[in-house]
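Residue numbers (full-length UniProt numbering), protein chains in the order written: chain A, 1 to 660; chain B, 1 to 155.
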Amino acid sequence: MYLVGNLSIYIGLAISIFSLLIFIIGIYKQDQRFINSGKGGVLAAFICTAVASAILLYLLATEQFQFQYVHDYTSSELPLIYKLTAFWAGNSGSLLLWSLFLSMYTVMVVFSKKMKGNPMVPYIASIMLTNVIFFFFILGFVAKPFVLLDEVPIEGKGLNPMLQNPGMILHPVTLYLGYVGLAVPFAFAMAALILRNMDDFWIKMTRRWTILAWMFLSLGNILGGQWAYVELGWGGYWAWDPVENASFMPWLTATAFLHSVMIQERKNMLKVWNVSLIITSYALTLFGTFLVRSGVLTSVHAFADSNLGLYFLIFMAFAVLGGLYVLMSRYNLIKRDAGQFHSFLSKESSFLINNLLLVGAAFAVFWGTIFPLVSEAVRGTKVTVGIPYFNAVQSPILLSMLFVMAVCPLIAWQRSSAKNLRKNFLYPSIFAIIAMVLMVVIGVRKTWAVIGYGVIAFLLITHYLEFYRGVKARRKMTKENIPVALWRLMVRNRRRYGGYLVHLGIAFIAMGIIGSQNYDLETMKTVKLGESIEIKDYKIIYEKLDQRKEGINDIIYADLRIFQNGKPLGVMEPEKVFYGNWEQPSSEPAIVNSWKEDLYLVLSAWENDGRATFIVKINPMMNWLWLGSIILVIGTLFAVWSGKYGNITPRYSGSKREVS
Amino acid sequence: MKKNTMVSIGGLIIAGAIVFLLMAATPGSSGVEITLKELNGNQQKYEENYVTVEGLLVEESIEWDADKIELQFDVKDNEGNKLHVTHNGVKPDNFTEGVIVILQGNPAKEQGEFIAETVKTRCPSKYEGQDMENYDPESHKDKLNKPSSESEGEK
């Protein structure tokens with residue numbers, strides 16, 4: 001096993017270097033035979049990572065503690081699912097997962113039916129392979145997954161309790177699928193620039209891959225937030241920690257790209273900008289990994305310190321410089337035949353504003369994240385940038401973003417006339433103003449909340465009108481009933497309506513964020529048995545403190561009987577779990593969900609005489625955040641699903657080569 | 001003037017607004033991150049600042065007042081500098097001897113005192129457990145009859 005595992009990594013490294021060379025020779029000689037053998041190499045490299053991953057999973061599942069990785073992250077009592085997920089609990093395993101996805105994506109692109117006979121393939125494959133080689137190198141020489149210990153321990157160290165949560169199964173996988181996925185658009189962009197060709201085919205393919213990566217990145221971030229919310233007993237879901245920022249920045253720039261590429265599609269403008277966004281998004285994924293693995297910043301998330309970060313920094317510099325060089329050397333070519341704006345009030349200009357806001361938001365996050373490093377270098381003191389900075393800067397930017405999003409469906413492509421604007425804006429504005437007045441009347445009085453919810457109301461009504469008008473127009477012609485008309489309308493315009501669904505998802509997420517950030521309540525109290533805690537209209541009676549055993553874990557729990565306005569809501573059990581070989585307990589909060597708010601209960605401490613200390617929080621509208629996330633994913637899938645209608649991949653029209 | 005130029009100017013204005021927002025927000029929301037040694041030497045200097053400081057937890061110094069919900073403990077560094085910390089809140093998870101504690105808050109008036117708004121812990125090997133050789137299966141038994149503030153450290 002040891003031999004096969006290590007061999008698969010070193011053979012994988014050798015094969016990918018070989019295929020890269022042979023692709024280059026093939027391109028240089030324009031000889032299809034070389035290219036074909038390179039493609040075989042791509043497949044072989046994927047098989048190598050798959051074999052290595054399968055072996056690691058097997059070792060983890062069968063408790064082979066003589067392997068350091070298995071010893072460090074698992075123990076025999078661990079449930080099988082967490083033994084398997086320990087795959088990505090440490091540095092080398094998570095990098096193996098990364099390599100697996102990367103080589104998988106490479107195979108998917110190289111052997112895709114749509115790419116058949118396309119001269120971009122050898123270039124894309126070469127760029128992807130460069131990445132694969134980097135990861136094989138790291139796995140082979142820096143963070144080795146298969147290391148034998150001198151003696152065979154009887155037990156492993158176990159998995160960190162915080163990682164023993166369903167979040168561990170999906171969050172890292174989706175996040176990596178998103179991170180790695182951004183390498184594909186980068187490869188496409190580089191290939192297109194080298195071939196001096198950015199046609200509709202390129203736009204289509206790049207966008208599909210970016211949407212896919214974007215969806216996984218969104219899902220990864222959301223699942224991470226959800227995990228933090230249910231696991232850490234802190235009651236939050238986002239803390240602007242460097243590690244979180246690292247995955248938020250590429251999300252922002254990828255979102256910007258997905259919009260601005262539409263302008264390129266229609267008007268052939270912004271090509272340099274689009275390629276820059278792709279390079280930036282890709283570089284930010286590497287930069288994020290550098291932050292996470294190097295320990296240069298104070299983060300509660302960080303992996304064990306290692307010099308891994310340095311390698312990522314070097315590779316990132318290499319990729320960015322390479323990307324910029326290719327971009328600059330083709331600058332004049334892609335600058336040619338760009339279109340012109342016809343009007344300031346057009347969808348195009350609203351997309352531009354959207355792009356500036358998104359990139360601005362990304363820059364603000366970047367600035368806040370690296371500011372401690374900058375100030376240390378310049379002034380010698382490490383200045384910390386806290387959550388207030390991020391909230392202060394991001395709220396206005398993202399709120400303006402929501403506003404642009406709300407207005408966008410009302411504005412036509414090319415140009416909007418004042419008359420049709422007035423017509424389009426009248427009802428939504430009235431609706432939003434009524435909603436804002438109503439909010440003030442029922443007691444929502446914080447400025448940010450009122451503005452925020454006003455904008456969201458505006459967005460909901462403009463999007464509703466889009467659906468309504470579409471269905472109405474369709475029914476006029478077809479006489480279908482409403483659900484049929486709605487469904488057919490949507491499947492015939494998947495991109496458009498899928499996009500609207502994503503917008504609605506974002507609006508719901510924003511509702512949750514605004515509610516939970518502005519109207520959360522918290523109280524902390526030590527009570528005796530039988531005493532109660534009151535918060536808002538809840539009454540919480542502390543009835544029992546007890547202990548039970550689950551496997552090797554000991555659990556202390558408290559019984560809390562909950563009443564809301566005198567109405568019983570049942571008994572909740574917040575816990576402290578003492579995991580097997582971890583001295584310290586972890587909090588397992590209990591949460592009472594409703595569409596209005598979550599009641600969030602944490603057992604913090606207890607005394608000899610049965611007194612216990614609880615943290616009780618009210619987090620309004622959290623369910624809307626999760627609902628919005630689900631809508632967002634459904635919308636994305638709906639948009640990229642290849643249905644019967646539309647969604648045809650344009651023919652490749654770029655420069656021809658002998659090889660493909 | 002070409003419309004493209006006009007649009008570019010508009011873009012610059014938005015970009016400028018964002019940069020302005022950044023500049024306006026940066027000083028107000030940030031504090032300083034200093035070492036324990038620096039803080040101990042210049043308590044007055046940092047009195048007005050929102051300070052982030054790291055130290056190793058001294059376990060026997062932990063004092064927990066359940067009714068007041070007040071946690072007091074000492075942190076030290078490897079050179080013997082000490083700081084007495086008061087925190088109006090509960091013990092974070094993973095609060096054991098030698099763990100790195102990240103404190104954020106204000107230095108108090110008295111020398112060597114610190115009022116922490118947030119207390120977080122960071123394990124040097126965050127995602128790794130202890131060796132099982134040191135593991136005593138009895139260690140968690142009967143946690144209930146001990147106050148949670150004394151329940152660690154029986155290794």
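Ideal Cβ positions, reconstructed from N, Cα and C, are used throughout, including at glycine.
Is residue i close to chain A, meaning its C-beta is less than 8 Å from at least one C-beta of that chain?
i, result
"Asn94(B)", "yes"
"Tyr127(B)", "With a pLDDT of only 47 at Tyr127(B), under the threshold of 50, the placement of this residue in the model should not be trusted; the figure read from the coordinates follows. Yes, Tyr127(B) counts as interfacial toward chain A."
"Gly41(B)", "no"
"Gly112(B)", "no"
"Leu22(B)", "yes"
"Gly31(B)", "yes"
"Val11(B)", "For the sequence presented, residue 11(B) should be read as Gly rather than Val. Yes, Gly11(B) counts as interfacial toward chain A."
"Glu138(B)", "Note that Glu138(B) scores 48 on pLDDT, short of 50, meaning its location in the model is unreliable; the coordinates nonetheless yield the value given after this. No, Glu138(B) does not count as interfacial toward chain A."
"Ala116(B)", "no"
"Gly89(B)", "yes"
"Asp67(B)", "yes"
"Ala25(B)", "yes"
"Gln130(B)", "Annotation note: pLDDT 43 at Gln130(B) (below 50); position unreliable, coordinate value reported separately. At least one chain A Cβ lies under 8 Å of Gln130(B)."
Nearest CA to the CA of residue i: which residue from the options?
i, options, result
"Ile533(A)", "Lys204(A), Ile430(A), Ile615(A)", "Ile615(A)"
"Thr369(A)", "Leu139(A), Met249(A), Tyr73(A), Leu43(A)", "Met249(A)"
"Pro161(A)", "Ile222(A), Val292(A), Ala228(A)", "Ala228(A)"
"Gly610(A)", "Ile222(A), Lys544(A), Ala377(A)", "Lys544(A)"
"Ala192(A)", "Leu327(A), Ala612(A), Ile17(A), Leu217(A)", "Leu327(A)"
"Leu352(A)", "Gly288(A), Leu258(A), Pro372(A)", "Leu258(A)"
"Met262(A)", "Asp199(A), Ile25(A), Leu195(A)", "Asp199(A)"
"Gly98(B)", "Leu56(B), Val19(B), Glu117(B)", "Leu56(B)"
"Pro153(A)", "Ile138(A), Val70(A), Lys204(A)", "Val70(A)"
"Met621(A)", "Ile591(A), Gly224(A), Gly635(A), Ser604(A)", "Ile591(A)"
Would you tell me roughly how many angstroms separate the C-alpha atoms of residue i and residue j, rounded to the nearest one?
i, j, result
"Ala406(A)", "Arg496(A)", "14 Å"
"residue 661(A)", "Ile127(A)", "What is shown of chain A runs 1 to 660, which leaves residue 661(A) out entirely."
"Ile115(B)", "Asn88(B)", "8 Å"
"Val142(A)", "Ser8(A)", "16 Å"
"Val275(A)", "Val365(A)", "21 Å"
"Ser103(A)", "Glu48(B)", "53 Å"
"Trp238(A)", "Arg266(A)", "37 Å"
"Lys347(A)", "Ala412(A)", "6 Å"
"Phe201(A)", "Arg651(A)", "6 Å"
"Arg488(A)", "Leu504(A)", "19 Å"
"Ser75(A)", "Trp606(A)", "29 Å"
"Ser349(A)", "Phe403(A)", "14 Å"
"Gly105(B)", "Lys45(B)", "14 Å"
"Thr285(A)", "Ile100(B)", "28 Å"
"Ile138(A)", "Leu97(A)", "13 Å"
"Leu217(A)", "Ile506(A)", "14 Å"
Please classify residue i as buried or exposed, where buried requires at least 16 other C-beta atoms within 10 Å of its C-beta.
i, result
"Lys271(A)", "buried"
"Gly323(A)", "buried"
"Met6(B)", "exposed"
"Pro428(A)", "buried"
"Ser247(A)", "buried"
"Phe312(A)", "buried"
"Ser92(A)", "buried"
"Ile430(A)", "exposed"
"Tyr625(A)", "Checking the sequence shown, residue 625(A) turns out to be Leu, not Tyr. It is buried - the Cβ of Leu625(A) has at least 16 other Cβ atoms within 10 Å."
Would you verify that the beta carbon of residue i is, or is not, closer than 8 Å to some beta carbon of chain B?
i, result
"Gln66(A)", "no"
"Trp367(A)", "yes"
"Glu575(A)", "no"
"Met524(A)", "yes"
"Gly386(A)", "yes"
"Val640(A)", "no"
"Leu356(A)", "yes"
"Ser112(A)", "no"
"Thr381(A)", "yes"
"Leu182(A)", "no"
Since residue i and residue j should fall inside the 8 Å C-beta cutoff, what is the C-beta to C-beta distance between them, to a whole number of angstroms?
i, j, result
"Lys120(B)", "Ile102(B)", "4 Å"
"Leu291(A)", "Val243(A)", "7 Å"
"Tyr557(A)", "Glu575(A)", "4 Å"
"Ala254(A)", "Trp214(A)", "5 Å"
"Phe508(A)", "Leu627(A)", "5 Å"
Would you check whether the ligand MG has a heavy atom nearer than 7 Å to the C-beta of residue i?
i, result
"Ala319(A)", "In the structure on display, the ligand MG does not appear, and there are no ligands present to speak of."
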